[in-house]
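Peer 1:
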Amino acid sequence: MTLHMYTYALYIHPPCTNSCSIPLLFSTMAMAIHTIAAALALCCVAATAAAAPHDIAACLVSNGVKNFSLPASPSFNPLLLSSIRYLRFISPSVGKPSAIILPSSQLDLQCAVLCAVNTSLAIRVRAGGHSYEGLSYTSENHVPFAIIDVSNLNKIRVDAAAAIVWAESGATLGELYHAVAQESKTLTFPGGSCSTLGLGGHVSGGGFGVLARKHGIAADNVLDATLIDAGGRALTRDTMDADVFWAIRGGGGGSWGVVYSWKLRLVTVPETITVIGLDRRGPADDIAGLVHKWQSVGPNLPDEYYVSPKIYFTSKATNGGNLTMSFTSQVLAPKREALAVLTKAYPELCLTESELSEVSWVEAAVKFAVVKSVADLTSRQIGIGEYAKRKSDYVQAPISRQDMVKIMRYMTTAPTEGSIQLAPYGAAMARIGSGERPFPHRAGFLYSVQYAVDWKAAENGRAGEFMGWLREFYEFMEPYVSKNPRGAYVNYVDLDLGVNNWTSVTGGRLSAADSVSHAASWGRRYFLNNFDRLVRAKSKIDPGNVFNNAQSIPPLH
127 MTLHMYTYAL YIHPPCTNSC SIPLLFSTMA MAIHTIAAAL ALCCVAATAA
177 AAPHDIAACL VSNGVKNFSL PASPSFNPLL LSSIRYLRFI SPSVGKPSAI
227 ILPSSQLDLQ CAVLCAVNTS LAIRVRAGGH SYEGLSYTSE NHVPFAIIDV
277 SNLNKIRVDA AAAIVWAESG ATLGELYHAV AQESKTLTFP GGSCSTLGLG
327 GHVSGGGFGV LARKHGIAAD NVLDATLIDA GGRALTRDTM DADVFWAIRG
377 GGGGSWGVVY SWKLRLVTVP ETITVIGLDR RGPADDIAGL VHKWQSVGPN
427 LPDEYYVSPK IYFTSKATNG GNLTMSFTSQ VLAPKREALA VLTKAYPELC
477 LTESELSEVS WVEAAVKFAV VKSVADLTSR QIGIGEYAKR KSDYVQAPIS
527 RQDMVKIMRY MTTAPTEGSI QLAPYGAAMA RIGSGERPFP HRAGFLYSVQ
577 YAVDWKAAEN GRAGEFMGWL REFYEFMEPY VSKNPRGAYV NYVDLDLGVN
627 NWTSVTGGRL SAADSVSHAA SWGRRYFLNN FDRLVRAKSK IDPGNVFNNA
677 QSIPPLH
């Protein structure tokens, strides 16, 4: 059993002032996997209760939490911006936090939650900062809030013999894959392909990845967790309500509390697998033919095959009616076998041997993450952020070739660049019941669709035009995708679907029943009938609605 610790620069707030912060290097200590002594937690509770009201700095300092930054500090803006992936949320019109807290232990985390609650600040929990709508570092209507940034809670303990790993929520997927690969060439965790994704947010929303057709999503492989609730309690699977343990595994982040750590099942992969790298560029009608055929191939291949096309478009001024189709593809089998199976199933692709490579699983993770080496998987640098908007859909019946031509032609009318990514389901995804986790899109769903538009900083004055086109494209797709309700993936969060409204038209507070009814309009699109059980779980773990955001689950109390 091995403990992996990754070290990063922190901002340590001096206990005697709230006007400055200085960078120090935080050396991690051995991870407390289960719970911190109850006596220490009680000390935190008692001290917090005695803190000066509405003064989160005093509360934090009095409880020994030194890693935080306030708006007057020179470290505040760099720290706020350090994990903002989507740059449309850095504008002056977006509300900024009253404090950014970086807990370095479970006890720090408990105290951070209690201090925010006792100073009447809303809580946003940030791990990797990849929320498509900025929900981990913004608040609607300029509600005062604090960010609890868990990026320093990133320790990982691998037990290869037992095929399990304990990982803190601030660990990135890249750190997790790297740590496991150091211990075993044939074990990994079935998560996503972006190495800078924070584990906490990824698993909380389900966590779809390239191993989903073989081993299910990330949430299907959670064995236990430590959850810090609104009262500062540390709860595990044995001590939290069964509905709550179910809810934290795919019911979306920001509703239940803060997951401090996860106990995860590792899955087996061959020492050598095959990855496919190819691009096909051509007229929209030709690409439509390839995509149409893929619909009968991708979701029906053996479990070991994940073949996911991404169709790129550029602006109508530059594309000449052409599109580019590339693949994120891996096969848990040798190259010769993969080539034979895919050539037979998908001859239209004209796949060649040179487009297939044999690598280890972690080397495949490097390729999909678009980093240079296995060591680079541990980097948290997200590069230059992007101006972007994302949406999602599910397809339950194959789209006809005629209609696929219409869709591909529509993409050539875009005013900017972007893409659609098609992720195949079937196999293990179809064998897991729709109610086993909050993530419901299982049997009967062929593939998911992720829509994207991207633009440059110099074009930000046209952001409304670009997002407007994407929304029109989304409406154009309505006849071809899932219905009653039209589905969406909560990890591709989309506020166009609706947002929570806690007040009535007269300005009073909405009743709990009305809040739930309002939230169902988007909640059922993410969770189908599982939304009702999520409301029950929320009502048990957080009846006071301490943990809330624009699309959090409301309580029925």
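Numbering follows the working numbering, with no gaps: position 447 of the sequence shown is 573.
The C-beta atom is built at its ideal place from N, Cα and C for all residues, glycine as well.
Please read all numbers here as calculations on a predicted model, not as lab measurements.
1. Is the beta carbon of Trp388 less than 8 Å from the beta carbon of Ala293?
2. Going by CA-CA distance only, name the one from Leu548, Gly333 and Arg516 that's closest to Lys436.
3. Assign Glu507 to buried or exposed, taking buried as 16 or more other Cβ atoms, counted over all protein chains shown, within 10 Å of its Cβ.
4. On the criterion of 16 or more Cβ atoms from any shown chain inside 10 Å, does Phe571 qualify as buried, or is it exposed?
5. Kindly list the residues whose CB is nearer than 6 Å to the CB of Tyr652, restricted to its own chain and excluding five residues on each side of it in sequence; keep chain order.
6. Of all the options Ile182, Arg214 and Asn193, which has the alpha carbon lying nearest to the alpha carbon of Ala589?
7. Where does Arg462 land, buried or exposed, given buried means 16+ other C-beta within 10 angstroms?
8. Report the residue ranges of all beta strand (DSSP E) runs contained in full by the segment 417-462; include only those spanning at least 3 residues, in chain order.
9. For the candidate residues Leu207, Val239 and Arg211, whose alpha-carbon lies nearest to that of Leu186?
10. Threshold first: 4 residues or longer. Then list the alpha helix (DSSP H) segments lying entirely within the segment 500-574, N to C.
11. State the CB to CB distance for the pair Gln236 and Gly358, rounded to an integer number of angstroms; the pair is presumed to be in contact (CB under 8 Å).
12. Do Thr440 and Arg407 have their beta-carbon atoms positioned less than 8 Å apart in this structure?
13. Can you give me the C-alpha to C-alpha distance between Ala165 and Ala351, rounded to a whole angstrom?
14. Ordered along the chain, which non-local residues of its own chain (more than five positions away) have a Cβ less than 6 Å from that of Phe334?
15. Please name the residue in Ile558, Ala184 and His130 whose C-alpha comes closest to that of Asn244.
16. Just to confirm before moving on: does the CB-CB distance between His341 and Ala554 stay below 8 Å?
17. Could you round the C-beta distance between Ala514 and Asp580 to whole angstroms and report it? I think they count as a contact, below 8 Å.
18. If contact is defined by three or more beta carbon pairs under 8 Å, each pair taking one atom from either stretch, is the segment 644-664 in contact with the segment 372-382?
19. In three-state DSSP terms, what is Lys713?
20. Quick one: measure Cβ to Cβ for Asp355 and Gly383, integer angstroms, because I've assumed they're closer than 8 Å.
21. Could you give the distance in angstroms between the alpha-carbon of Gly544 and the alpha-carbon of Lys442?
22. Taking 6 Å as the limit between beta carbons, can you name the residues of its chain near Ser560, skipping five residues before and five after?
23. Would you kindly report the start and end of the unbroken beta strand (DSSP E) that includes Ala225?
24. Would you list the one or two residues that DSSP bridges to Tyr577?
25. Would you say the beta carbon of Cys476 is closer than 7 Å to some non-hydrogen atom of the ligand MG?
26. For Asn278 versus Leu228, is the C-beta spacing smaller than 8 Å?
27. Alpha carbon to alpha carbon, how far is Ala253 from Tyr212?
28. On the criterion of 16 or more Cβ atoms from any shown chain inside 10 Å, does His130 qualify as buried, or is it exposed?
29. Check whether the segment 294-312 and the segment 471-491 are in contact - that is, three or more C-beta pairs closer than 8 Å.
30. Report the three-state DSSP secondary structure of Ser483 (helix, strand or coil).
31. Return the first residue and the last residue of the alpha helix (DSSP H) that Tyr652 is part of.
32. Is Ile182 near Phe202, with beta carbons less than 8 Å apart?
33. Is it right to say Phe602 is buried, meaning 16 or more other beta carbons lie within 10 angstroms of its own, or is it exposed?
34. Between the beta-carbon of Thr298 and the beta-carbon of Thr322, is there less than 8 Å?
35. Please tell me whether Leu337 and Val393 are closer than 8 Å, where the distance is taken between their beta carbons.
Peer 2: Put simply:
1. Yes, these two residues count as a Cβ contact at 8 Å.
2. The shortest C-alpha separation from Lys436 is found at Leu548.
3. Reading off the sequence, residue 507 comes out as Gln, not Glu. So Gln507 ends up on the exposed side.
4. It counts as buried.
5. Taking C-beta separations shorter than 6 Å and ignoring five residues to either side along the sequence, the partners of Tyr652 in its chain run Ala614 and Val616, following chain order.
6. Nearest of Ile182, Arg214 and Asn193 to Ala589, Cα basis: Arg214.
7. Burial call: exposed.
8. Along the segment 417-462, the beta strand (DSSP E) occurs as fully enclosed runs of 3 or more residues at 431-439 and 448-457, listed in sequence order.
9. Looking at the Cα atoms, Val239 is the closest of the given residues.
10. Whole alpha helix (DSSP H) segments, 4+ residues: 527-537 and 554-557.
11. Under the criterion of beta carbons closer than 8 Å, Gln236 and Gly358 qualify as touching, at roughly 4 Å.
12. Thr440 sits away from Arg407, with the two beta carbons spaced by 8 Å or more.
13. Note that Ala165 scores a pLDDT of 34, beneath 50, so its modelled location is shaky and nothing firm can be said.
14. Within the same chain, Phe334 has close Cβ partners Ile343.
15. By alpha-carbon distance to Asn244, the top candidate from Ile558, Ala184 and His130 is Ala184.
16. Cβ atoms of His341 and Ala554: closer than 8 Å.
17. Indeed, because the Cβ distance is near 5 Å, the residues count as touching under 8 Å.
18. Taking a contact to require three or more Cβ pairs closer than 8 Å, the segment 372-382 and the segment 644-664 qualify as touching.
19. Lying outside 127 to 683, the shown extent of the chain, residue 713 is not represented and no answer is given.
20. Confirmed, Cβ separation roughly 4 Å.
21. Between Gly544 and Lys442, the alpha-carbon positions lie close to 12 Å from each other.
22. Excluding five sequence positions before and after Ser560, the CB atoms of its chain that fall closer than 6 Å to its own CB belong to Pro566 and Arg568, given in chain order.
23. Looking at the DSSP string, the run of the beta strand (DSSP E) that includes Ala225 is Ala225 to Ile227.
24. Bridge partners of Tyr577: Lys517 and Ile546.
25. This structure lacks the ligand MG; in fact it carries no ligand of any kind.
26. Result yes, Cβ atoms of Asn278 and Leu228 sit closer than 8 Å.
27. C-alpha separation (whole angstroms): 14 Å.
28. His130 comes out buried.
29. Cβ pair count under 8 Å is three or more, so yes.
30. In the displayed model, Ser483 falls within a strand according to three-state DSSP.
31. Going by DSSP, Tyr652 is part of the alpha helix (DSSP H) stretching over Ala638 to Phe653.
32. It is not a contact, given that the beta carbons lie outside the stated cut-off.
33. Its Cβ having fewer than 16 others within 10 Å, Phe602 is exposed.
34. Remark: C-beta atoms of Thr298 and Thr322 approach each other more closely than 8 Å.
35. At the C-beta level, Leu337 and Val393 come within 8 Å of one another.
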